[in-house]
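Novice:
Numbering (UniProt numbering), first residue to last: 1 to 133.
This is the structure:
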C-alpha cells in the first residue's frame, strides 16, 4: 500500500505519493479547492491503493497552532468522512520554503515554480514521514 502526502492550502492542495515500497515520495498533482477536491482525492486514494494519508500541519515557528491549522483540521475531518483510510498530521514548517529553494536550484522559471510548488511541498511533507517508518 502506498502513502499519500497532502499540502493543504486555502486555494490549492498539493498531492504527493510514495512508491509501492514506501521509500520514495513523488509529487503527483495540484488540486484546486473548488468544492470537488474531496471527490478527486477519493479517486486518487482508490486508484493508487493508498493505505495512509499524511497531512501537513501548519505550526507557527514557536510551535503554536493558528487559524490555518484549524482550517487544515476541518479539511481532515471532511476527508475522514469520505475516505476510510487512516491519516496522520506532520509538522509542515518550512516545507514550502524548502520546495521553493529546490526548484530555484533546479533553475525552474517562476511560472513553473508557481504551478508546482504545492505538490513539491507535499512530497517534502511525505518524505519526512517515509524517513520515520
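Note that CB positions come from ideal geometry on N, CA and C, so glycine has one too.
Residue 80: which of 21, 92, 54 sits nearest, CA to CA?
Specialist: Of the listed residues, the one whose Cα sits closest to residue 80 is 54.
Novice: Hey, residue 14 and residue 121 are a contact pair by Cβ (cut 8 angstroms); roughly how many whole angstroms apart?
Specialist: Their Cβ separation, rounded to whole angstroms, is 5 angstroms, which keeps residue 14 and residue 121 in contact under 8 angstroms.
Novice: Assuming residue 8 and residue 56 make a contact with CB atoms under 8 angstroms, what is their CB distance in whole Å?
Specialist: Confirmed, about 7 angstroms.
Novice: For the beta strand (DSSP E) that contains residue 47, what are its first and last residues?
Specialist: Where residue 47 is concerned, there is no enclosing beta strand (DSSP E), although the alpha helix (DSSP H) it sits in stretches over 37-47.
Novice: How far does the beta strand (DSSP E) with residue 10 in it reach, from first residue to last?
Specialist: Looking at the DSSP string, residue 10 is not in any beta strand (DSSP E), and its letter there is neither H nor E.
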